[in-house]
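Numbering (my numbering), first residue to last: 674 to 1253. Think of the CB as a built atom: it goes at the ideal place given N, C-alpha and C, for glycine as much as any other residue.
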């Protein structure tokens, strides 16, 4: 049945005339059934016969178009699947007594069992916290006696495996660090626990936060939207786990796009914060000039809620001093559905033309911003910067890893390598599957050799890039925004759809490392899906410490479009609904 025929059927349900078919078709193409329902309730009065008619036609829509159609109705409006629920919804359920933290942890553990260890076997989870249920019960008891510590009280969080946890291994996905138990939690993990969050799991990643989306500890990670596609890296386990609803919240790290690539590839929301907004203490370094942890979640609200819990000055990380008097502890206060109304948005057109459908989704997103009241103008980066940015990034990234990884290795047990050269030597001794179940990762281990040979922090090339190149990049991007009086620059987070696991497709020239070279924040919001049901994210790049403004813009865009979909391979399990 073609869409016009479906629209006419719904038109009959509502008593509509044929001249209104085009509007109905538009709504159907967006799978916007609730907009149709709002037409019913506001203009004609709800009747059960019309509800049944629309419901049956909705099912036909799903069958004949392959669109993901909401399967709720007015009778279940207060019920949400765990993937739909925000932290705000979950706290409402906690307050009403319809949900406990222990019950929520059990829901997520069931999903991990069903979809990570069985079913599509996403391979996103490396370690589960065997104390999670015990911690949840204690937090439930504390809530009953003294109330919640914060909005994250009793909320499960999953961490990328390069973030230290004193009670769980931290290996950065590498057999070279297999079994390593850090002396304590990373600063941001301490903040999460103090807020009452539950560390539920450690997640698979691109080994040592670089290279293909696999690790010698955990193997390849799969994308829950299509297991033949990559979840992107290096926070691919976090992206896949959050999209598949293995936890409410996730944390990745970003050195050259490693939060943002998995965010767009898995169809979720995420933030690469301003450099210095979050502490890097207790995170296995890749390049401290660029490294930043970043919150990842299915909803912009949750990204904002988690960020505020983790901010603060850390005496062990001098970079956090930049955030003095500029960080917030509650970013949800800046979420505003009308934020686009007075915004000036620049669209970076330098990165289009690599995937027609991604370009189309960006243009549709810009129309949504205009409809919200934003002024949208075209902007272009200097071509020489686009040509040079990759070399600038590599010059700093490789040398800093060579110099900085020994500082981290000094904090763990004596049985582990203490220099990059020792890591190279030990990697050459692992030739096949190990008794512990790992597998060699020759692609990443070959890169170790290049990093070892890259040079030192006192060579002239590094000094020039660090002292002159990075400030120049900051001045150019800030100047571009100032000249046009922009609130943000938007671009498709990835200019192409996710690559195939075997390496086909994907790639392309991306803007992501501009945010790392400058240290500027970059918020990613779901923008839509390609015809082969692959997600596309939209980036909002802002000035330093402009996270409040970015959250307002991103939230307004998210609420206006509401395009996020659950992955087809990880549907809701029976009985996992949450009553608000």
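- Taking just the CA atoms, how far does residue 778 sit from residue 806? Near 7 Å, if we compare the C-alpha coordinates of residue 778 and residue 806.
- Cβ contact check for the stretch 828-842 and the stretch 867-874: 3 or more pairs under 8 Å: Contact between the stretch 828-842 and the stretch 867-874 is present, because at least three Cβ pairs lie under 8 Å.
- Query: Which same chain residues, not among the five before or five after residue 789, have their C-beta less than 6 Å away from its C-beta?
  - Reply: Only 795, 797, 798 meet the Cβ criterion.
- Cβ neighbour criterion (16 or more within 10 Å) applied to residue 888: A residue is called buried when at least 16 other Cβ atoms come within 10 angstroms of its Cβ; residue 888 meets this threshold and is buried.
- Message: Tell me the residue span of the beta strand (DSSP E) that contains residue 1007.
- Response: Premise fails: residue 1007 is in no beta strand (DSSP E) and is neither H nor E.
- Task: Grab the span of the beta strand (DSSP E) containing residue 925 for me, first residue to last.
- Result: For residue 925, the uninterrupted beta strand (DSSP E) segment begins and ends at 922-927.
- Message: Can you tell me which residues form a DSSP beta bridge with residue 1048?
- Response: Looking at the DSSP output, residue 1048 shares a beta bridge with 1017.
- Item | Whole-Å CB distance - residue 1018 paired with residue 1199, under 8 Å assumed | Cβ-Cβ separation between residue 1018 and residue 1199: approximately 17 Å, too far for a contact (criterion under 8 Å).
- What is the DSSP secondary structure of residue 1189, reduced to helix, strand or coil? Of the three classes helix, strand and coil, the one that applies to residue 1189 here is helix, per DSSP.
- Alpha-carbon spacing of residue 1091 relative to residue 1078, whole angstroms: The alpha-carbon atoms of residue 1091 and residue 1078 are separated by roughly 8 Å.
- Task: Over the uninterrupted beta strand (DSSP E) stretch that includes residue 864, give me the two end residues.
- Result: Premise fails: residue 864 lies in the alpha helix (DSSP H), 860-867, not in any beta strand (DSSP E).
- How should residue 697 be labelled, buried or exposed, when 16 other C-beta atoms within 10 angstroms of its C-beta is the threshold for buried? Low local confidence applies: a pLDDT of 49 at residue 697 is under 50, so the model's placement there is unreliable, with the coordinate-based value given in what follows. Under a 10 Å Cβ-count criterion, residue 697 is classified as buried, with 16 or more other Cβ atoms of the shown protein chains found around its own Cβ.
- Message: Taking the alpha-carbon of residue 1205 as reference, which of 1171, 1188, 1185 has the nearest alpha-carbon?
- Response: Minimum Cα distance to residue 1205 is reached at 1171.
- Message: Given a cut-off of 9 Å on the beta-carbon distance, is the pair residue 969 and residue 923 in contact?
- Response: Yes.
- residue 1135: first and last residue of the uninterrupted alpha helix (DSSP H) it sits in: First-last of the alpha helix (DSSP H) with residue 1135: 1133-1137.
- Assuming residue 876 and residue 849 form a contact by the criterion Cβ under 8 Å, report the distance between their Cβ atoms to the nearest whole angstrom. 18 Å between Cβ atoms; not a contact.
- Task: Report the three-state DSSP secondary structure of residue 755 (helix, strand or coil).
- Result: If DSSP states are grouped into helix, strand and coil, residue 755 belongs with coil.
- Spatial distance of residue 1135 from residue 1068 (CA atoms): Their backbone Cα atoms lie some 6 Å apart in a straight line.
- Message: Using a Cβ-Cβ cutoff of less than 7 Å, which residues in the same chain neighbour residue 1112 once the five nearest sequence positions on both sides are dropped?
- Response: Contacts found: 889, 892, 1106.
- Query: Would you report the Cα separation of residue 1249 and residue 1099, rounded to the nearest angstrom?
  - Reply: Distance between the alpha carbons of residue 1249 and residue 1099 is about 46 Å.
- Query: Per DSSP, residue 812 is paired with what?
  - Reply: In the DSSP assignment, residue 812 forms no beta bridge with any residue.
- Item | Inter-stretch contact at 8 Å, needing at least 3 Cβ pairs: the stretch 856-864 / the stretch 900-917 | Not touching, per the Cβ criterion.
- Run of the alpha helix (DSSP H) containing residue 976, from where it starts to where it stops: Bounds of the alpha helix (DSSP H) holding residue 976 are 973-983.
- Task: Confirm, please, whether the CB-CB distance from residue 977 to residue 1228 is below 9 Å.
- Result: Going by C-beta atoms, residue 1228 is nearer than 9 Å to residue 977.
- Item | At least 3 beta-carbon pairs within less than 8 Å: the stretch 1186-1198 vs the stretch 928-948 | Yes, since at least three Cβ pairs between the stretch 1186-1198 and the stretch 928-948 fall closer than 8 Å, the two stretches touch.
- Beta-carbon contacts of residue 810 that lie in its chain and below 7 Å, excluding the five residues immediately before and after: 775.
- Message: Report the start-end ranges of each beta strand (DSSP E) in the stretch 886-973 that is 3 residues or longer and not cut off at the edges.
- Response: As far as the stretch 886-973 is concerned, its whole beta strand (DSSP E) runs of at least 3 residues are 922-927, 942-945, 965-970.
- Message: Quick check: the Cα distance between residue 1001 and residue 1102, rounded to an integer number of angstroms?
- Response: If you take the alpha carbons of residue 1001 and residue 1102, they lie about 48 Å apart.
- Task: Output the boundary residues of the beta strand (DSSP E) element that contains residue 1152.
- Result: Under the DSSP assignment, residue 1152 falls outside any beta strand (DSSP E), being part of the alpha helix (DSSP H) whose first and last residues are 1143-1157.
- Message: Using DSSP's beta-bridge definition, name the partner residues of residue 1199.
- Response: Per DSSP, 1210.
- Task: Please classify residue 948: is it buried, with 16 or more other beta-carbons within 10 angstroms of its beta-carbon, or exposed?
- Result: Its Cβ being crowded by 16 or more others within 10 Å, residue 948 is buried.
- Task: Classify residue 1221 as helix, strand or coil using the three-state DSSP reduction.
- Result: Per DSSP, reduced to three states, the secondary structure at residue 1221 is helical.
- Per-residue burial, residue 1133 [other beta carbons within 10 Å of its own, 16 or more giving buried]: The residue in question, residue 1133, is exposed, as its Cβ has fewer than 16 Cβ neighbours within 10 Å.
- Message: Using 9 Å as the threshold, is the C-beta distance between residue 1074 and residue 1124 below it?
- Response: Their beta carbons are under 9 Å apart, which means residue 1074 touches residue 1124 by this criterion.
- Item | Burial state of residue 1043, where buried means 16 or more other Cβ atoms lie within 10 Å | Burial call: exposed.
- Message: DSSP three-state label for residue 704, please.
- Response: Reliability fails at residue 704, whose pLDDT of 44 lies under 50, so the model's placement of it is uncertain and no value is given.
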